[in-house]
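Here is the structure we will look at.
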Amino acid sequence: MPRSEDPITTPSDRPTEQIGVLVGWDSSEIEGRIHLKLEYFPPGKTPRGRPQIMRLLLDRNEASVLGNYLYQITGEAGPARKPRRWPWSKSAG
1 MPRSEDPITT PSDRPTEQIG VLVGWDSSEI EGRIHLKLEY FPPGKTPRGR
51 PQIMRLLLDR NEASVLGNYL YQITGEAGPA RKPRRWPWSK SAG
């Protein structure tokens with residue numbers, strides 16, 4: 001007997017994909033999370049108008065993973081890591 005389409009993944013429930021050219025971004029912290037605002041133009045839209053805006057809310061781990069991934073795929077070096085100090089060690093100086 002043929003299986004009917006899974007009602008959980010019907011075409012109307014599938015996520016839509018948005019494609020565009022990133023033209024600006026901004027970030028801020030809201031209650032310990034990172035609020036990321038992306039400004040973009042969809043394909044074929046004249047860049048003279050107002051860009052579309054997408055807002056994402058990331059926890060600190062998600063933001064860190066995304067940042068490290070972007071450094072990795074671009075071949076750029078990320079910021080230098082601070083040396084770890086144990087809480088009971090005496091500070092130098």
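Residue numbers (this note's numbering): 1 to 93.
We put the beta carbon where it would ideally sit given N, CA and C, even for glycine.
Fair warning: this is a prediction, and the values are worked out from it, not measured in the lab.
Measure the alpha-carbon distance for residue i versus residue j and round it to whole angstroms.
| i | j | result |
| --- | --- | --- |
| Q18 | Y40 | 10 Å |
| M1 | V21 | Legend: pLDDT at M1 = 48, less than 50; position of this residue unreliable, no value from coordinates given. |
| A80 | Y71 | 12 Å |
| A63 | I34 | 7 Å |
| P43 | D13 | 24 Å |
| D26 | L66 | 15 Å |
| R55 | T46 | 22 Å |
| W88 | I30 | 32 Å |
| P51 | R85 | 45 Å |
| R48 | K37 | 19 Å |
| G24 | P83 | 33 Å |
Quick one: grab the DSSP three-state call for residue i.
| i | result |
| --- | --- |
| I19 | coil |
| E62 | helix |
| G67 | helix |
| M1 | The predicted position of M1 is uncertain, since its pLDDT is 48 and thus under 50; a value taken from the coordinates is nonetheless stated next. In the structure shown, M1 sits in coil (DSSP, three-state: anything other than H, G, I, E or B). |
I believe residue i touches residue j by the beta-carbon criterion, under 8 Å. Please report the beta-carbon distance rounded to the nearest angstrom.
| i | j | result |
| --- | --- | --- |
| N68 | G78 | 6 Å |
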